[in-house]
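Per my numbering, numbering through the sequence shown is continuous, rising by one, with the last residue being 544.
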Amino acid sequence: MIAALPTMWLPLKISRASDFVILLLYLLVFIPTTVVPLRAEVVSSEALLHFLIAMLAAQFAVWAVLRNVRLDLGSRAEGKAPILAFAAIGGLLLLVVIAVFGIPTRLPTLFEVYDVRTEYKQAASSSFGRIASYAVSWLSSVIAPAAIVFGLVKRRWTLVGAGFVISLYVYGATGFKSAAAYPIGALIAGLFLARVRTIDAALMVGGLVAGVVSVTLVDSGMQAPVLSALLIRRVLFFPGLLSGIYVDFFTSNPPYLLSESVASALQPPVYPISAPYLIGDAFFGNPTMSANSHFWADAFANIRTLGVFVYSCGLAVYLVVLDAVTDAVPAGTVAGLCLPLVIGLSNSAFPTVMLTHGALLLLFVLFLLPLGSVAITGRDGATNPNSP
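What follows is the structure, encoded as structure tokens:
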């Protein structure tokens, strides 16, 4: 029953970037959190109910803010300068990553990625490596998808190719499967949704269901749960399961009080390790396991129920700015660029998504690139140069 309540206010037509984000968060975060923890019996129904009510109220508050607050950023730079600035940012980040992690000689298979990740983590443990790891996330989550979408929308094929090359490079150097998955969302957005001003919410729900069924059928044919482990268990099942575990643990144990993030300079750490590793050790007996859950679960781990509302306030502010920088951009175009943002929020802390995953950089890139004017191809195949 509680899982269906947000449908009373969620948008039926996706016309803005924020609509896409809050609907996907409902599908990928809220619904699994209402179902999985109780079925897995990892948390008491009373504790979970209090958490769900807080999530429910927070979602309504975010929706209310988005419906009543609009931001006008005024005019933007035109011509080639924004595109050159975007290329310079991407080029600089790529040089930093290559300098630290080198160039892979081949692409790993899905069964080899964990060996590659081990080598990547060793290289990232140095002081400069930690800085370069930010560049890795920004390249795969922001720069490469933006290059693909912008290139397809504007018929600039060099940018499309560059986006895929960057994505494959990051995948080969780090073993991050998301680096190979994000370009697919960007490609779909650029090819099929670029001119779509509004997206039917029912179509998104149907697409998610169809994707789950397709992945299950493919894995059945392969007789190996490769895709389902990546797309179903990692995206849908585990964030829901771990949210219940977080609620259960931090209901009876002290919260972090933001000592691992924004308040780290003001107080000593409550625990010697971060929440994902603490949960990995406490519940799974593996101190090296990073048991990430969604940003609302991390909020609970930090300030309990109050944290759910604090993080939601931050999300509301972010989405207001996101709507402002994508005001003239069709919903279909921006969907592929917002997918990494939603995936990040579904399995990481809010401050981590903003900085490490590049959500703040995404706002700057969307402000730079003139995505609002779509290149139109005439009957003779010529492109109307109505865009920079």
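Glycine residues also receive a C-beta, built at the ideal position from the N, C-alpha and C atoms.
With DSSP collapsed to three states, give me the class of residue i.
i, result
"I388", "helix"
"K169", "strand"
"D356", "strand"
"L413", "coil"
"Q278", "helix"
"K310", "helix"
"G328", "helix"
"P496", "helix"
"G534", "With a pLDDT of only 35 at G534, under the threshold of 50, the placement of this residue in the model should not be trusted; the figure read from the coordinates follows. Reduced to three states, the DSSP call for G534 is coil."
"F320", "helix"
"N503", "helix"
"H206", "helix"
"G560", "Outside the displayed span of the chain (157 to 544) sits residue 560, for which this structure offers no information."
"K333", "helix"
"D483", "coil"
"M164", "helix"
"F216", "helix"
Could you tell me the alpha carbon to alpha carbon distance between residue i and residue j, rounded to whole angstroms?
i, j, result
"I105", "G319", "What is shown of the chain runs 157 to 544, which leaves residue 105 out entirely."
"L266", "C494", "25 Å"
"L527", "Y182", "27 Å"
"I259", "A438", "37 Å"
"Y440", "L347", "First, the amino acid is wrong: residue 440 is Phe here, not Tyr. For F440 and L347, the distance between alpha carbons rounds to 42 Å."
"A447", "K236", "44 Å"
"M510", "S289", "15 Å"
"T512", "Y325", "19 Å"
"G285", "V391", "28 Å"
"V221", "F186", "19 Å"
"R311", "I388", "34 Å"
"L397", "T444", "19 Å"
"F332", "T274", "11 Å"
Is the distance from the Cβ of residue i to the Cβ of residue j below 8 Å?
i, j, result
"P162", "L212", "yes"
"P238", "L516", "no"
"L204", "G400", "yes"
"S468", "V218", "yes"
"G514", "P301", "no"
"L166", "A366", "no"
"H206", "T461", "yes"
"F456", "F406", "yes"
"V409", "H450", "This sequence places Asn at residue 409; Val is not what is there. Cβ atoms of N409 and H450: not closer than 8 Å."
"P496", "Y338", "yes"
"L404", "V198", "It is worth fixing the name first, because residue 404 is Asp in this sequence and not Leu. Yes. Within cutoff."
"G328", "L263", "yes"
"V498", "V298", "no"
"V426", "P507", "no"
"S296", "A335", "yes"
"A342", "T489", "no"
Determine, using beta-carbon pairs with one atom in the stretch 472-482 and one in the stretch 169-177, whether at least three such pairs fall under 8 Å. yes
Between the stretch 414-422 and the stretch 212-225, do three or more beta carbon pairs fall short of 8 Å? no
For the stretch 301-310 and the stretch 262-280, state whether three or more C-beta atom pairs, one from each stretch, are separated by less than 8 Å. no
Okay, do the stretch 426-439 and the stretch 219-235 touch, 3+ Cβ pairs below 8 Å being the bar? no
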